[in-house]
Amino acid sequence: MCEKNNRSFCCPESKVLTEEICGNLHGPIDQAVWTAPSPNDYFQGTFSVTNTGATPFIFSVNGVVYTVPPGNTVSASVNNPTTFIVTLDANETGRYCITLYKRFFV
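So this is what it looks like as structure tokens:
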């Protein structure tokens with residue numbers, strides 16, 4: 062937005078880029094499924110995990126742990142996401158979808 066007086070200084074406009082990453086999970090797994098390229102790359106992220114298996118499993122985003130009961134979906138909205146880790150036992154399955162929001166200036 063530019064000032065209305067005759068100054069030549071303008072503030073850059075910001076845009077928001079939305080990225081979506083989805084995939085299937087097959088146990089055994091205990092590792093990062095997604096990590097940010099660098100801290101503060103994304104200002105917000107929504108992480109949805111669906112348990113299609115028979116026993117509960119866990120996932121964590123930025124170190125906060127969530128439990129996903131069988132047949133359910135758990136979602137977490139996180140500011141400045143950096144890591145998404147999933148832990149599944151052998152033969153357990155699930156799905157995940159991550160929506161990331163990044164601000165940039167044009």
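Just add 61 to the spot in the sequence shown (first one is 1) and you have my numbering.
Think of the CB as a built atom: it goes at the ideal place given N, C-alpha and C, for glycine as much as any other residue.
Considering only the alpha carbon of each residue, which of 124, 151, 77 lies closest to residue 139?
Nearest option by C-alpha distance: 124.
Out of 76, 130, 75, which one is the CA nearest neighbour of residue 114?
The shortest Cα separation from residue 114 among 76, 130, 75 belongs to 130.
Reference residue 97; option with closest CA among 119, 73, 153, 146:
Taking only the C-alpha atoms, the option nearest residue 97 is 146.
Only counting the same chain, and skipping five residues up and downstream in sequence, which positions put a Cβ closer than 6 Å to that of residue 81?
Taken in chain order, the residues that qualify are 160.
In angstroms, rounded to a whole number, what distance separates the CA positions of residue 103 and residue 77?
Approximately 10 Å, taken between the alpha carbons.
Distance CB(residue 85)-CB(residue 112) smaller than 7 Å:
Contact: no.
Per DSSP, what kind of secondary structure is residue 80 in: helix, strand or coil?
Residue 80: strand per DSSP, three-state reduction.
From residue 91 to residue 136, what distance separates their C-alpha atoms?
Looking at the two C-alpha atoms, the distance is approximately 19 Å.
Have a look at residue 89 and residue 150 and give me their C-alpha separation to the nearest angstrom.
So the alpha carbons of these two residues sit roughly 5 Å apart.
Let me check understanding here. Comparing Cα to Cα, which of 107, 126, 93, 152 lies closest to residue 163?
When each option's Cα is compared against that of residue 163, the closest is 107.
Going by DSSP, what residue range makes up the beta strand (DSSP E) through residue 120?
Unbroken beta strand (DSSP E) run through residue 120: 118–122.
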